[in-house]
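Novice: For the sequence shown, the working numbering gives the first residue as 897, with consecutive numbering after it. From the three backbone atoms N, C-alpha and C, an ideal C-beta is built for every residue, glycine too. Please read these numbers as outputs of a predicted model, since none were measured by experiment. To start, I am sharing the structure in question, which I have written as structure tokens.
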Amino acid sequence: MYPSWYKVQQLPIMAIISSCTASTLKDAATSLRSGNLVAFPTETVYGLGVDATNKDAVAYLYQVKGRPSDHPVIVHISSMINLDKWTREIPEYAIELAHTFWPGPMTLILPRTNLAKDFITGDQDSVGIRVPSHPLASALLREFEGQGGLGVAAPSANRFGKVSPTTAKAVVEELSDYLSATDLILDDGPCQVGVESTIINCTENIPEILRPGAITAAMISNLVGLQVIQMASGSNKSSIKAPGLLQSHYAPRAKVFLSTTPNSGDGFIALSDISTPPGAIRLASPKDNNEYAQLLYQALRLADTKQLPNVIVIPPTGDDLAIAICDRLEKCAYKI
Ligand code: TXA
Ligand code: MG
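What follows is the structure in structure tokens.
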């Protein structure tokens, strides 16, 4: 049952399934319906799923993540058909976005229906919805809905404030001390995008990016013909609770410094055309910004595995995934 990379150091506590079949997916969906947690891959990062209508199960999810109860979670559904179960008064531009970028790495914040209870929205009148494109995530959601489920709440499968996992091994490192025997981790290798979905506030007349991701401001405004508001890091002018506004978010144990010169023994992350300064320990050499996003969280985790005190990161530039990468780096960078 355990994949080759998993070293059972203590009593096995949760099941890890490496080659999912129709039958294991069915069991995983049934397990979700019974109130258990199922971690699963999406194209962005691994999510920690729970039945979004089950109050006790969501409370357990928050406990496992160590997350404050006023911090909302995203509801995952298998297709846009289920959108109006959870949301109402969907603006025209949001429908266009959903038609174009779903399934995919985009979350829409929309006015909620009564189905979206305070325990998933953090008491707000909006709910975050996403239709992921990862085949395993889609299949799990379809099976869950086939069994009568309405949506799977799934934050990134890490402890609150820490680096999101992009492999099942990283989920185990983050959560094995907190999950129980009835919980499951579905393993389907590394995530393709590597940083979390673009979150777009669609409760106003104009779309507002609350968290940048693979769906960029240019892609959104080109499609809907509206100017997009980009929420500046740290400025929360709207009443909406935006992600990553805490002092430290997406952070490894190592201190992260941006664009400084490493000392001997420091970790180093930069695009492959930037050479490693003498004495620094190279953690990733992505060839372009897409690969940078894919490898970033794994590289930050590697710094902790190697017990490095500091990591120096040279952020990428550009108006593509570079914006999301820089957003996460600013949030995890060491603040004096
Ligand atoms: O790529 C992703 O979005 C991943 C995968 C698993 O889908 N999920 C993810 O979830 O990153 P999480 O909970 O780690 O981050 C979602 C962020 C939260 O920080 C929360 O602030 C924001 O989404 N959010 C959720 N519902 C919201 C709402 N109604 N209004 C404002 N922000 C919301
Ligand atoms: Mg998260």
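Nearest-angstrom Cα distance between P1001 and I1125?
Specialist: Spanning the two alpha carbons is a distance of roughly 19 angstroms.
Novice: For V971 versus C1087, is the C-beta spacing smaller than 8 angstroms?
Specialist: With respect to the 8 angstroms criterion, V971 and C1087 are not classified as neighbours on the basis of their beta carbons.
Novice: Examine the ligand TXA and report whether any of its heavy atoms sits within less than 7 angstroms of the Cβ of T1078.
Specialist: no
Novice: If you measure from the CB of K1093, is any heavy atom of the ligand MG nearer than 7 angstroms?
Specialist: One detail in the question is off: residue 1093 reads as Ser in this sequence, not Lys. The answer is no for S1093.
Novice: Return yes when the Cβ of L1080 is within less than 8 angstroms of the Cβ of M976, no when it is not.
Specialist: no
Novice: Given a threshold of 16 other Cβ atoms within 10 Å of its Cβ, counted over all protein chains shown, does E1104 qualify as buried or as exposed?
Specialist: buried
Novice: Please identify the residue among A1229, V1120, A1064 whose C-alpha is closest to the C-alpha of F1153.
Specialist: A1229
Novice: For the candidate residues G1163, F936, D952, whose alpha-carbon lies nearest to that of G945?
Specialist: F936
Novice: Could you tell me which of V1209, A918, G1214 sits nearest to L1037, measuring between CA atoms?
Specialist: A918
Novice: With respect to the alpha helix (DSSP H) encompassing E1104, which residues constitute its N-terminal and C-terminal limits?
Specialist: For E1104, no alpha helix (DSSP H) segment is defined; the enclosing uninterrupted segment is the beta strand (DSSP E) at 1104-1107.
Novice: Say yes only if the C-beta of G1090 is nearer than 7 angstroms to one or more non-hydrogen atoms of the ligand TXA, and no if none qualify.
Specialist: no
Novice: Taking just the CA atoms, how far does T996 sit from N1132?
Specialist: Because N1132 sits at a pLDDT of 49, beneath the cut-off of 50, its placement in the model cannot be relied upon, and the following sentence gives the value as read from the coordinates. In a straight line, the C-alpha of N1132 is about 28 angstroms away from that of T996.
Novice: Tell me which same chain residues have a C-beta within less than 6 angstroms of the C-beta of S914, skipping the five on either side of it?
Specialist: P899, D1083
Novice: K1170: buried (16+ other C-beta within 10 angstroms of its C-beta) or exposed?
Specialist: Per the sequence shown, the amino acid found at residue 1170 is Ile instead of Lys. Exposed, since its Cβ has fewer than 16 Cβ neighbours within 10 Å.
Novice: Can you give the Cα-Cα distance for H1030 and G943, rounded to whole angstroms?
Specialist: Going by the C-alpha atoms only, they are around 12 angstroms apart.
Novice: Could you name the residues that DSSP lists as bridge partners for M1002?
Specialist: Partner(s): T1094.
Novice: Less than 8 angstroms between the beta carbons of I1102 and L1122, yes or no?
Specialist: Contact flag set, yes.
Novice: For S974, is the classification buried or exposed, using 16 other Cβ atoms within 10 angstroms of its Cβ as the cut-off for buried?
Specialist: Buried, since its Cβ has 16 or more Cβ neighbours within 10 Å.
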